[in-house]
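**Student:**
Numbering (UniProt numbering), first residue to last: 1 to 601.
Right under this line is the structure:
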């Protein structure tokens, strides 16, 4: 296993090209300098002057233009940092972007405050005279009960950089300070890092390598648990204080308010999966144990492939054909976007020191999506890339169809288009193979990657996170021992006696950045619930279902999650879609057991 390269040593053709945002760091800095006086001019012209609907519409239009100017600045700085957290130039640009973002938030906060001081007829006049800003006004009205005095809002906006501090500290600890060194297995020293562990080692087919890597990884994480817990506690205190200041009954209500869903949808997603999905996943764990001849099924064995030898190795170039074939049903425009992503270097494939872990898609308004992934040449990465291209396809469509205020859908819905693509990929692979071993690998990938990742990994994060916020609502602080205990209890509840929970498993709360993004983890299973129902419609109904789905993607944030799902023919106000998803996972495990009997027979 190779040591990670520095960013300047990797092949440029497999990195993303950020020049579509700014041709150089100098151009970025010029944009920052140029937008500052524009922000000041906006404030001076309109602050205290929104006397009539016509003037208010002018102000909103100006504000829209400013917002669009800030988007590439934030995106460029974030993507430069994601490429290499240790890059001093990227760190400096990140500081510039953060500062101008804070200035923008502070100097423009008057707009919301002054509009909400107007009576309802004034706001209705804006909507009737400018249909473009109808959703913008409706969104304002949604926040009206929780709006604070204008001076308080401006002060809070001025602290936005400080409020981002916990996440920034977490990333620096995770990606810069922790040096995992090497570990011993099979008589050799093997390099260890976040990227190596999550990309290859935690699912390694060799039990000694896999288990020793887990031990070394967990031991090193444990050395940083108290600092990381204190960082997280700052995030929680900030959210609790904000919820109280704005008059929400709980932190849950505050965080779900932004998602346009209530606690019933949130709790159902967690409770039903914890109780009803667990038996299916325990059967899957038993199957893994039997097929691999393990004496004991340990927590660190859960990510192994059912049959590693049946997983093809896939080059970056080969992945394009798989993805084009699987997503062809989405239409020529969608496939054109996919091909542009490859041809125009929208995707960062390489592995290098300091690069953010996992995968994500950033879709800055006015530009095109950018995808981060760490390519391992395994077929699994095709699912990951299809997932991120699902995000890309969502906002590629929404950004073209909606204004900057209306393009982003609720966080509750945001994982539906991405997991939809994973389902299309899996269905395509199954339809085009008669090899029972490959079919078993595909089905096990659907479970171990798509469903395990979204309905187990992230769901267990959500169940743990819910317990954390219960303590926060009771004005309790959290420490590493408290977080460890909560995480361990959730894992043990889900896996029961079928999986031995190794010491160190509880430290997985340290690995995910999602905890700094509100109630994000549960939305993965929520999105996959919608995607499962939608993919079945596509398989059964073909083009009619695809057309509905494309309308959903184009709608962006103009509808709430319930309405978006309903546009796709899915009713998430009932438990039926989630019940169907869990039943489908059970059917997949049934198929795996039968295929295994056939292969072994």
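In this text, a Cβ means the ideal position worked out from N, Cα and C, and glycines have one as well.
Who does residue 189 pair with in a DSSP beta bridge?
**Tutor:** Here the question's residue 189 lines up with position 189 in the chain shown. 184.
**Student:** Please classify residue 429 as buried or exposed, where buried requires at least 16 other C-beta atoms within 10 Å of its C-beta.
**Tutor:** Along the chain shown, one-based indexing puts residue 429 at 429. Buried is the call here.
**Student:** What are the boundary residues of the beta strand (DSSP E) that includes residue 371?
**Tutor:** For the purposes of this step, residue 371 is identified with residue 371 of the chain shown, where counting begins at 1. Counting along the chain, the beta strand (DSSP E) containing residue 371 begins and ends at 370-372.
**Student:** Are the Cβ atoms of residue 613 and residue 229 separated by less than 7 Å?
**Tutor:** A query on residue 613 cannot be resolved here, the shown segment of the chain reaching from 1 to 601 and no further.
**Student:** If you draw a straight line from the alpha carbon of residue 161 to that of residue 98, how long is it in whole angstroms?
**Tutor:** Counted from its first residue, the chain shown places residue 161 at position 161. Counted from its first residue, the chain shown places residue 98 at position 98. Taken atom to atom, the span from the alpha-carbon of residue 161 to that of residue 98 is near 6 Å.
**Student:** Are the region 180-190 and the region 460-474 touching, with three or more C-beta to C-beta distances below 8 Å?
**Tutor:** no
**Student:** Helix, strand or coil for residue 378 per DSSP?
**Tutor:** Counted from its first residue, the chain shown places residue 378 at position 378. Note: residue 378 maps to strand in three-state DSSP.
**Student:** What residue range is occupied by the uninterrupted beta strand (DSSP E) comprising residue 362?
**Tutor:** Here residue 362 refers to the residue found at position 362 of the chain shown. Start and end: 360-362.
**Student:** Helix, strand or coil for residue 298, going by three-state DSSP, please let me know.
**Tutor:** Start at 1 with the first residue of the chain shown, and residue 298 comes out as number 298. DSSP places residue 298 in strand when its eight states are reduced to three.
**Student:** In or out: residue 313 buried (at least 16 other Cβ within 10 Å) or exposed?
**Tutor:** Within the chain shown, residue 313 is the residue found at index 313, counting from 1. Classification for residue 313: exposed.
**Student:** Do residue 359 and residue 372 have their C-beta atoms closer together than 7 Å?
**Tutor:** Residue numbering aside, residue 359 sits at position 359 when the chain shown is read from its first letter. Residue numbering aside, residue 372 sits at position 372 when the chain shown is read from its first letter. Note that the C-beta distance between residue 359 and residue 372 is below 7 Å.
**Student:** Rounding to the nearest angstrom, what Cα-Cα distance links residue 406 and residue 260 in this structure?
**Tutor:** Here residue 406 corresponds to residue number 406 of the chain shown, with the count starting at 1. Here residue 260 corresponds to residue number 260 of the chain shown, with the count starting at 1. Between residue 406 and residue 260, the C-alpha separation is close to 14 Å.
**Student:** On a Cα-Cα basis, can you pick out the residue from 381, 569, 332 and 281 that is closest to residue 315?
**Tutor:** Reading the chain shown from its first residue, position 315 is the one you call residue 315. The candidate whose alpha carbon is nearest that of residue 315 is 381.
**Student:** What is the rounded straight-line gap between the Cα of residue 299 and the Cα of residue 415?
**Tutor:** Walking along the chain shown from the start, residue 299 turns up at place 299. Walking along the chain shown from the start, residue 415 turns up at place 415. Approximately 26 Å between the Cα atoms of the pair.
**Student:** Per DSSP, what kind of secondary structure is residue 144 in: helix, strand or coil?
**Tutor:** Reading the chain shown from its first residue, position 144 is the one you call residue 144. Residue 144 falls in the helix class under three-state DSSP.
**Student:** Using 10 angstroms around the beta-carbon of residue 391, count the other beta-carbons present and answer buried if the total reaches 16, otherwise exposed.
**Tutor:** The count along the chain shown starts at 1 and reaches residue 391 at position 391. That one is buried.
**Student:** Grab me the residues of residue 527's own chain with a C-beta within less than 6 Å of its C-beta, minus the 5 sequence neighbours each way, in chain order.
**Tutor:** Along the chain shown, one-based indexing puts residue 527 at 527. Closer than 6 Å at the Cβ level, and outside the excluded window around residue 527, lie 415, 416 and 419.
**Student:** Grouping DSSP H, G and I as helix and E and B as strand, with all else coil, what is residue 559?
**Tutor:** The residue given as residue 559 occupies position 559 in the chain shown. Coil.
**Student:** For residue 332, does the count of other Cβ atoms within 10 angstroms reach 16, so buried, or fall short, so exposed?
**Tutor:** As a first step, residue 332 is located in the chain shown; it is residue number 332 there, counting from the start. Burial call: exposed.
**Student:** If you follow the alpha helix (DSSP H) that residue 577 is in, where does it begin and where does it stop?
**Tutor:** Here the question's residue 577 lines up with position 577 in the chain shown. It spans 576-600 - the alpha helix (DSSP H) in which residue 577 sits, taken as one unbroken run.
**Student:** Is DSSP giving residue 367 helix, strand or coil here?
**Tutor:** Residue 367 sits at position 367 when you count from the first residue of the chain shown. The answer is coil: DSSP assigns residue 367 none of H, G, I, E or B.
**Student:** Can you list, in chain order, the stretches of the alpha helix (DSSP H) that have 4 or more residues and sit fully within the region 385-456?
**Tutor:** 416-431 and 436-445
**Student:** List the endpoints of the continuous alpha helix (DSSP H) containing residue 57.
**Tutor:** Here residue 57 refers to the residue found at position 57 when the chain shown is read from its first residue. Counting along the chain, the unbroken alpha helix (DSSP H) around residue 57 starts and ends at 53-83.
**Student:** Of the choices 49, 170, 463 and 264, whose alpha-carbon is the least far from that of residue 574?
**Tutor:** Taking the chain shown and counting its residues from 1, the one referred to as residue 574 is at position 574. Residue 574 has its Cα closest to that of 264, out of 49, 170, 463 and 264.
**Student:** For the alpha helix (DSSP H) containing residue 495, list its first residue and its last residue.
**Tutor:** Numbered from 1 along the chain shown, position 495 holds the residue referred to as residue 495. Per DSSP, residue 495 belongs to the alpha helix (DSSP H) from 480-495.
**Student:** Is it buried or exposed, residue 450, if we count other Cβ atoms within 10 angstroms and call 16 or more buried?
**Tutor:** Here residue 450 refers to the residue found at position 450 when the chain shown is read from its first residue. Here residue 450 is buried, its C-beta having at least 16 other C-beta atoms within 10 Å.
**Student:** What's the C-alpha gap between residue 599 and residue 441?
**Tutor:** As a working note, residue 599 is residue 599 in the chain shown. As a working note, residue 441 is residue 441 in the chain shown. Rounded to whole angstroms, residue 599 to residue 441 spans 12 Å at the Cα level.
**Student:** I need the DSSP call for residue 356, collapsed to helix, strand or coil.
**Tutor:** Along the chain shown, one-based indexing puts residue 356 at 356. Three-state result, residue 356: coil.
**Student:** With distance defined between alpha-carbon atoms, name the residue in 37, 23 and 285 nearest to residue 501.
**Tutor:** Here residue 501 is taken as the residue at index 501 of the chain shown, counted from 1. Nearest C-alpha to residue 501: 285.
**Student:** Could you check how far apart the C-beta atoms of residue 353 and residue 4 are, in whole angstroms? I think they sit under 8 Å.
**Tutor:** Along the chain shown, read from residue 1 onward, the residue named residue 353 stands at position 353. Along the chain shown, read from residue 1 onward, the residue named residue 4 stands at position 4. The beta-carbon separation of residue 353 and residue 4, rounded to 5 Å, stays under the 8 Å limit for a contact.
**Student:** From the DSSP output, which residues share a beta bridge with residue 313?
**Tutor:** Locating residue 313 in the chain shown gives position 313, where the first residue counts as 1. Bridge partners of residue 313: 378.
**Student:** Which one of 401, 478 and 540 has the shortest CA to CA distance from residue 558?
**Tutor:** Counting from 1 along the chain shown, the entry for residue 558 is found at position 558. Checking every option, the nearest Cα to that of residue 558 belongs to 401.
**Student:** Spell out the partners DSSP gives residue 470 in its beta bridges.
**Tutor:** The residue given as residue 470 occupies position 470 in the chain shown. BP columns for residue 470 are empty, so no partner.
**Student:** Go through its chain and collect everything with a Cβ distance to residue 145's Cβ below 8 Å, but skip five positions before and after it.
**Tutor:** The residue given as residue 145 occupies position 145 in the chain shown. Cβ within range, chain order: 247.
**Student:** Along the chain, where does the alpha helix (DSSP H) that runs through residue 101 open and close?
**Tutor:** On the chain shown, position 101 is the one that residue 101 refers to. In this chain, the alpha helix (DSSP H) harbouring residue 101 covers 88-117.
**Student:** Taking only runs that begin and end inside the region 212-300, name each unbroken alpha helix (DSSP H) of 4 or more residues, in chain order.
**Tutor:** 225-246, 251-257, 263-272 and 278-292
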